[in-house]
Every structure is written in structure tokens, then in C-alpha cells.
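First residue of the sequence shown? That's 0 in numbering that gives the first Met the number 0, and the numbers climb one at a time after it. C-beta atoms are modelled at their ideal positions from N, C-alpha and C, and glycine is treated no differently. Reading through the C-alpha cells given below for one structure.
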Amino acid sequence: MERLVYVVLFVGVFLTPFTSFRLGAVGPGEVLIFASALLHLLAVRGKLFLDQRLRSFVLFWFWFLSFSLLGLLYNTFALEPASGRPFTPAFDFFSYCFVLMTIVLFGSIMDRKVVRPQVFFKRLFVSWALAYTLLYITSFFTAAIFGFPLRYYQYFSPLVENVHQASSITCVMPFIMLYYVFQPGTLPTRFFFLVAALLFGKMAMDSGTTKALLGVVFGTGMAGYAFVAFRSQRYNRYIVNAALLCVTVAIMAPVAMLYREQIDHMASRFFMENDGSDAREALYSVGFKHGLKSLLVGYGPGSHAPYDGGFSDAHNTVLTILLQAGIFGVLQFVIFVIRILRMLSFDFALLGAVSAIGMYTLGGDILRRLPIWIILVGIVYLSRSHDVSRAQQDSI
């Protein structure tokens with residue numbers, strides 16, 4: 000039974016990025032993940048266990064959902080309601096619950112050691128690499144396969160309804176592949192991961208999205224800095240790396256202040272050039288002001304950024320959390336990010352992957368993006384196993 004749960008979960012997770020297969024909000028990936036959860040409950044007779052490595056994920060989602068429900072009650076009964084549009088609260092809430100369920104399922108299965116998490120995620124990431132590579136090559140010969148799109152005009156958007164559902168993955172995966180390049184393995188295996196890393200980077204660029212471009216650029220910058228500056232094999236590496244980071248900030252801060260006007264001009268120009276019809280500027284400024292009107296607990300799940308006489312998604316993860324769960328929700332997200340960064344090893348490739356996700360978080364909303372949360376869970380497991388292997392090397 001447990002082996003069946005593993006297979007069903009693996010296939011379901013593999014299919015989650017390909018949203019073109021969905022009927023409405025549900026696709027085969029979601030159905031298989033839910034089926035694996037039911038099978039797992041039967042196998043463990045309803046006794047779920049949680050891998051402590053995923054405790055930070057569960058705590059964030061528990062508190063975020065709790066505050067957002069308080070916001071929904073406040074919005075509905077006290078404001079009658081003052082924000083949101085129909086159906087989006089239910090859609091968001093059940094999407095968030097499904098993400099939380101998937102994380103709990105991962106934690107319970109990995110805690111029972113049916114399969115080592117690093118093995119599960121390596122198989123998953125290799126499978127995605129092969130699938131995306133095949134789809135990318137095919138997209139040069141046809142814009143669709145079996146009626147499902149591979150490109151949106153000239154932009155690479157394989158088997159998705161929205162190009163960001165693909166680009167949010169392809170901008171992170173180069174760093175996941177790069178992680179495996181530097182892990183023990185044969186020369187052909189490392190060459191495969193290197194080629195896959197380069198191809199994923201090209202796919203992200205070919206998606207035509209600014210967030211994917213910034214994710215790759217910023218992720219590469221952070222990975223390069225970590226590769227040069229950070230030390231991962233010393234006993235006191237946390238102190239050493241923190242000191243190096245402080246020294247770097249101390250050196251860069253005066254330079255940034257000296258060229259502040261030029262940096263502000265370049266940043267503003269870049270934002271305006273990539274903000275079609277000034278939509279993002281309007282969403283962010285008006286959405287933030289709207290969030291301040293229900294600062295403590297927000298307005299609950301749903302679309303709450305005022306726009307064009309109605310309400311829209313905020314297209315920014317932090318702003319979405321502020322609007323849906325208030326400042327308490329934002330505080331929980333900050334705590335979650337700090338905990339994740341503390342859990343990460345100082346492997347430069349994994350830091351690059353998290354940095355790419357961070358850039359997408361600022362320019363888009365990842366709360367409903369289940370593949371991003373799956374990748375984050377995988378990064379935590381890879382980081383923990385990486386730290387264990389480093390500790391073993393240091394003790395020799």
C-alpha cells in the first residue's frame with residue numbers, strides 16, 4: 000500500500016505544472032495527489048505524522064489561513080462586505096487548503112521513510128527536466144501537441160493556461176540542476192544536469208516574462224556571490240558567513256548611497272518599461288492603501304486589489320498576504336522566510352534557487368502555485384541532506 004501511495008503521489012506531483020490538463024480548477028495531478036492522501040490515510044489508519052523539517056511550512060499555512068478567515072468574517076459581517084468579488088474567496092481558500100494538505104502528506108510519507116526524500120525529489124526533478132526538454136524541442140516544430148499549447152505566440156509556455164505557470168518553474172530549475180552538477184556522480188550524469196541547467200535558463204528567457212528574467216539574473220548573482228564568499232565546510236560557518244555578509248553590505252551601502260539617484264532612475268525606468276499601461280503601479284499603490292483600511296486581519300481569501308471599478312489579484316505575494324490576512328499574515332510570512340533561510344545550507348545553487356523564487360514572489364503571487372511549494376519542500380530536503388553529508392565529511 001505504501002509503495003502504491005508513493006507512485007500515485009509521484010505521478011500526481013509530476014503533472015501539477017501542466018495546467019492545460021485541468022477541467023476548471025482541478026486536473027489529473029490534483030486528483031492523483033488527493034487519491035494518494037486517501038490511500039495514505041488508509042495505510043496509516045488515520046494516524047498522520049509530520050516530518051519536523053516541514054514544520055515551518057505547516058505553521059505558516061495554519062496561521063495564514065486562520066488570520067485570513069478572521070479577515071473574511073470581518074469583511075463579511077463588519078464591512079458588509081467592502082472588498083472582493085464573488086467566488087474568489089472559496090477558490091483561494093480551497094487552493095490554499097490543498098497546498099497545505101500536500102505539504103502535510105509529504106511530511107507524513109517522508110517521516111515513515113518509505114522512500115528517502117532526496118531520492119524522491121531527484122527523480123521528480125530529472126523527470127521534469129526530461130519532459131520540459133522534450134516539449135521545448137518539440138515547440139520549434141509545432142505550436143501545439145494534441146491540441147495543447149506549447150507556445151503563446153513566440154513565447155515558450157508548455158501545456159499551461161498562463162505563461163507564468165511555466166516561467167515560475169523554468170526560472171528556478173536551472174539552479175536545481177546546477178545543484179546536482181556538483182553532487183557525486185558520473186561524468187555523463189553531471190553533463191546531463193549541466194545541459195539541463197542551461198536549457199532551463201533558455202526556456203525561462205524564451206517565456207518572455209520580466210519576472211523569469213529577473214529570477215534568473217538575481218538567482219545567478221546570489222549563487223555567484225555565495226560560491227565566492229560563503230564557506231560551507233567549517234564548523235563555525237554560520238558565524239563566518241554572517242560576518243562576510245555584513246562586510247559586503249558595509250562595503251556596498253556607501254557605494255549605493257553615492258549612486259542612489261542613478262540607481263533609482265534605472266530601477267524606475269526598468270519598472271515603467273516593463274509595466275504595461277502602468278497596471279502594476281496602480282495595483283500596488285491602490286492595493287496597499289486598501290490593505291491599510293483592514294490592517295490587522297485583511298479581508299480574507301480572494302481578490303482585493305481595487306482596479307478599474309472592481310477588484311483584482313494583487314500580483315504580488317506580500318501584498319496579497321496583506322490584503323487577505325493583514326499585518327499578522329505578513330508577519331507570519333516573514334517568520335516563515337527567516338526559518339527557511341536558516342534551514343537552508345549554504346550551497347550556492349540552492350541559494351540561487353530560493354533567490355529566483357524570491358524575485359517571482361515580489362512580481363507575482365505564488366500562494367496558489369503548488370509546483371513552487373513542491374520545489375521549496377524539495378530544496379529544504381536537499382539542503383538538510385546536503386548539510387548531513389557535509390557534517391560527515393568534516394568529521395572524517
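In this structure, the beta-carbon distance from leucine 330 to leucine 381 does not fall below 8 angstroms. Rounded to whole angstroms, the Cβ separation of serine 166 and alanine 203 is 6 angstroms, and the two are in contact under 8 angstroms.
For methionine 176, the CB contacts under 8 angstroms within the same chain, skipping 5 residues up- and downstream, are Phe124, Ala128, Phe192, Leu193, Ala195, Ala196 and Phe199 in chain order. Within the stretch 49–116, no complete beta strand (DSSP E) segment of 3 residues or longer occurs. Excluding residues up to 5 positions away in sequence, Leu282, Gly286, Ser311 and Ala313 lie with their Cβ nearer than 6 angstroms to the Cβ of alanine 304 in the same chain.
Proximity to leucine 8 across Thr75, Phe92, Val103 and Thr360 peaks at Val103, based on C-alpha coordinates.
A residue is called buried once 16 or more other Cβ atoms fall within 10 Å of its Cβ, and cysteine 96, having fewer, is exposed.
The criterion of a C-beta distance shorter than 8 angstroms is satisfied by glycine 70 and alanine 324. Annotation: the continuous alpha helix (DSSP H) that includes serine 35 extends over 27–42.
DSSP, reduced to helix, strand and coil, places isoleucine 320 within a helical segment of the structure shown.
For leucine 158, the CB contacts under 6 angstroms within the same chain, skipping 5 residues up- and downstream, are Phe17, Ser19 and Phe147 in chain order. By a beta-carbon distance limit of 8 angstroms, phenylalanine 217 contacts serine 354. Their separation comes to about 5 angstroms. Beta-bridge pairing by DSSP links leucine 22 to Val25. Looking at the DSSP output, arginine 150 shares a beta bridge with Phe155. Membership of serine 311 in the beta strand (DSSP E) is indicated by the continuous run 309–311. With contacts defined as CB atoms closer than 8 angstroms, cysteine 170 and valine 215 qualify as a contacting pair. The C-beta separation of serine 67 from glycine 328 comes to about 7 angstroms, placing the pair in contact by the 8 angstroms criterion.
In this structure, the straight-line span from the alpha carbon of tyrosine 179 to that of arginine 189 is close to 7 angstroms. Inclusion of histidine 289 and serine 82 in the CB contact set at 8 angstroms is warranted, their separation being smaller than that value. Of the candidates Leu321, Thr316 and Thr101, the residue whose Cα lies closest to the Cα of methionine 358 is Thr316. In the three-state DSSP reduction, proline 305 falls in the strand class (E or B). Here the alpha carbon of tryptophan 60 sits roughly 6 angstroms from the alpha carbon of leucine 99. Annotation: the continuous alpha helix (DSSP H) that includes glutamate 1 extends over 1–14.
Per DSSP, the beta bridge partners of isoleucine 144 are Phe147.
Relative to the Cα of valine 162, the nearest Cα in the group Ala24, Thr209 and Gly184 belongs to Thr209. Residue state for threonine 208 is assigned as coil, using DSSP reduced to three classes.
The Cβ atoms of leucine 321 and glycine 297 sit closer than 8 angstroms to each other. DSSP places glycine 362 in the uninterrupted alpha helix (DSSP H) bounded by 347–362.
Rounded to the nearest whole angstrom, the CA to CA distance from lysine 201 to leucine 186 is 23 angstroms. A Cβ-Cβ separation of about 14 angstroms leaves valine 10 out of contact with histidine 39 under the 8 angstroms criterion. Sorting Val118, Leu294, Val379 and Pro370 by C-alpha distance to the C-alpha of isoleucine 32 places Pro370 at the top. Under the three-state reduction of DSSP, isoleucine 337 is assigned to helix. By the CB criterion at 8 angstroms, threonine 15 and glycine 23 fall outside the cutoff. Per DSSP, the continuous alpha helix (DSSP H) segment holding serine 166 begins and ends at 162–169. Judged by DSSP in its simplified three-state form, arginine 383 adopts helix.
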